[in-house]
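Trainee: Submitted below is the structure of interest, expressed as C-alpha cells.
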Amino acid sequence: MPVFIAKVSVGGKTTQITLSASSRADAERSLKRRGRIISLKRQAFLDLQPGLSPYERYVFLVKLSTMVASKVSMGKALELMGQAFTGNIRRVSKSLSDRVNAGVNFITAIEEERKSFPASLTALIRAGFAAGNASNALREAAEFEQMMQNIRKGSMKEVWTGFGYFAASAALTVATVEYFGPMVTGNAMFQTPGVNTAWIESFGRVFMWVNIVLLAIMSFMAFMGTIGRRASPALIDRVIARIPFYSDLILAKSNYITFYKLSLLIKSGVRIEETLEITASDMGPGSLKSDIIRALDMVRKGRPWASGMETLDPTDRASLLASSDRDDVARTFRLLADQFRDLYIARMQTLGPALNILAALFMSIASAILFGLTILPMLQLAASI
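In terms of full-length UniProt numbering, the sequence shown opens at residue 1 and continues consecutively.
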C-alpha cells in the first residue's frame, strides 16, 4: 500500500499527516474531509513498514469486534483504536480509519492491507459481513487466526526441521559414497583381504538414491501445492485430491473457508443461487470453484444442485442431497466446514512428528554409512595386522 505525506490546513493551523491509500486520488479524497490540502507527496515506491503480527492481528480483531457489537460505527471504532494503541495496531487502525471515513468499504480497505490481513482471513470476514453480522465475523476471524497460529507455531517448525534433516542426510550420504569412502578405501594401504566394505558401498549407493528420490518427491509435492496450483489450479487440485494425506493438507484449509462462508450466507437468508454465485465470485481458481459453478448451473436448470459437488465424498454429497430446508443445508455446510478444519489440524499435527522420526532414521543410517566407509576399514586393517 503506497504511503503519502501531506500538509493540511485545519482551522488556520497546518498539520502534517501520514496516511496509506491505494492511489493519490484516494489520498486526496480522504484528506479533503480533514481540511485544505497544502501539499501531498508519495513517501516511497516500496512500503517497508511491517504488517500486523499474528498476536497484533488477534488483538485488533477482538477489540474491533467488541466495539462494533456495542453499536459503535466502524469508522469511529477504528479512530478510537488509532488513539488507544501504539505501534503497528495504531498505524493500521489509522490507515483503515482514513479509508473508511473517506467512503471506502471496510472489506475493500482490509483487502488493500495485504501485509496485515492474509487472504484466507479476509475471506472469512467478508463471509460474515455478507451474512449481516459484522461483530461475529470479526470475532470468528480472530479465533480462526489464533487457531491457525497455534497450529503453525509447532507443526511448521517440525516440518521444516524434518525436511532439513532429510537434506542433511542426503548430502552426507552423497559426500560419503562419492568422496570420503573412495578416498579411504581407494588407498593402497586398505587393499588387503582383511578389509571388506564392498557391501557397505553397495548399500550406501542404494540408500543415496532412495534419499535423493524422496527429496525430489517432497520438493515436487511442495511445488504442486504452491506454484503448480497458481499455474493450473483445476488440474493440480484434481491430482492432489488423489494423493492421500497430502490432499488434506493442501485442500482442507481452503475447503473449510468456502463451506463456512456457504453456511453463513444460507443461514442469514440468502437464496441458494445467490449464495453459490457470491461464493464462486470470491474464490480463486480450483476444483472446488468448478464444483460451485457446476452446482450454480444446476440450480438455474432446476436440477439437484448438490449433485454438482463432485469433489466431495459421496457420503457428504448424500447429506447435502438429503437436506430438506434452508436450516438443514446451512447446518450441513457448517458440519462440512468443521470437518475440513479438524482434518487440517489433525494432519498438521501428525505430519511434523512423523517427518522428524523418518528424518532421524535416515540421518542415523547416513551416519552409519559414514562410519562404515571411513572408520570401519581402519578398524578392520588394525585387526588383520
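Yeah, the Cβ is synthetic: ideal placement off N, Cα and C, and Gly gets one too. Remember, it's a predicted structure, so these values are computed and weren't measured experimentally.
By the 10 Å Cβ neighbour count, where 16 or more other Cβ atoms means buried, how is Tyr55 classified, buried or exposed?
Mentor: Position 55 of the sequence shown holds residue 55. Exposed, because fewer than 16 other Cβ atoms sit within 10 Å of the Cβ of Tyr55.
Trainee: Can you find the residues in the same chain that come closer than 6 Å, C-beta to C-beta, to residue 386, ignoring five residues on each side of it along the sequence?
Mentor: Nothing can be reported for residue 386, as the shown portion of the chain is limited to 1 through 385.
Trainee: According to the Cβ coordinates, are Val192 and Leu381 closer than 8 Å?
Mentor: Within the sequence shown, residue 192 is the residue found at index 192, counting from 1. Within the sequence shown, residue 381 is the residue found at index 381, counting from 1. The displayed chain sequence assigns Thr, not Val, to residue 192. Judged by their CB atoms, Thr192 and Leu381 are nearer to each other than the 8 Å cut-off.
Trainee: Which runs of the beta strand (DSSP E) at least 3 residues long sit entirely within the UniProt domain "Type II secretion system protein GspF" (261-377)? Give them in chain order.
Mentor: none
Trainee: Just to confirm my understanding: we take Arg271, look at its own chain, exclude 5 residues before and 5 after, and list those with CB closer than 8 Å. What are they?
Mentor: Along the sequence shown, one-based indexing puts residue 271 at 271. No residues qualify anywhere along the chain.
Trainee: Mind reading off the beta-carbon distance from Lys94 to Gly82? Whole number of angstroms is fine, and I expect it under 8 Å.
Mentor: Counting from 1 along the sequence shown, the entry for residue 94 is found at position 94. Counting from 1 along the sequence shown, the entry for residue 82 is found at position 82. Contact flag correct, Cβ pair sits at about 4 Å.
Trainee: Report the CB separation of Ala127 from Tyr260 in whole angstroms; it is logged as a contact under 8 Å.
Mentor: Residue numbering aside, residue 127 sits at position 127 when the sequence shown is read from its first letter. Residue numbering aside, residue 260 sits at position 260 when the sequence shown is read from its first letter. Contact flag correct, Cβ pair sits at about 6 Å.
Trainee: So, helix, strand or coil for Phe163, using DSSP?
Mentor: Along the sequence shown, one-based indexing puts residue 163 at 163. In the structure shown, Phe163 sits in a helix (DSSP, three-state: H, G or I).
Trainee: Quick one: which unbroken alpha helix (DSSP H) runs of 4-plus residues sit fully inside the UniProt domain "Type II secretion system protein GspF" (60-157)? Chain order, please.
Mentor: 74-84, 87-101, 106-112 and 119-130
Trainee: Applying the criterion that 16 or more other CB atoms from any shown protein chain within 10 Å of the CB defines a buried residue, is Glu178 buried or exposed?
Mentor: Numbered from 1 along the sequence shown, position 178 holds the residue referred to as residue 178. Exposed, by the Cβ-count rule.
Trainee: Are the beta-carbon atoms of Ile293 and Ala280 separated by less than 8 Å?
Mentor: Taking the sequence shown and counting its residues from 1, the one referred to as residue 293 is at position 293. Taking the sequence shown and counting its residues from 1, the one referred to as residue 280 is at position 280. Going by C-beta atoms, Ile293 is nearer than 8 Å to Ala280.
Trainee: To which residues of the same chain is Val329 closer than 8 Å at the C-beta, ignoring the five residues directly before and after it?
Mentor: Taking the sequence shown and counting its residues from 1, the one referred to as residue 329 is at position 329. Ile266, Ile272, Leu320 and Ser323, listed in sequence order.
Trainee: By the DSSP assignment, the alpha helix (DSSP H) with Val177 in it spans what residues?
Mentor: Counting from one through the sequence shown, the residue named residue 177 turns up at place 177. Note, Val177: premise wrong, no alpha helix (DSSP H); not H, not E.
Trainee: On the three-state DSSP scale, how would you describe Leu249?
Mentor: One-based indexing of the sequence shown puts residue 249 at position 249. Note: Leu249 maps to helix in three-state DSSP.
Trainee: Span of the alpha helix (DSSP H) holding Val195?
Mentor: Within the sequence shown, residue 195 is the residue found at index 195, counting from 1. Going by DSSP, Val195 is part of no alpha helix (DSSP H) at all; its letter is neither H nor E.
Trainee: Please report the straight-line C-alpha distance between Lys253 and Ala109, rounded to a whole angstrom.
Mentor: As a working mapping, residue 253 is identified with position 253 in the sequence shown. As a working mapping, residue 109 is identified with position 109 in the sequence shown. Using only the alpha carbons, I get a separation of about 24 Å.
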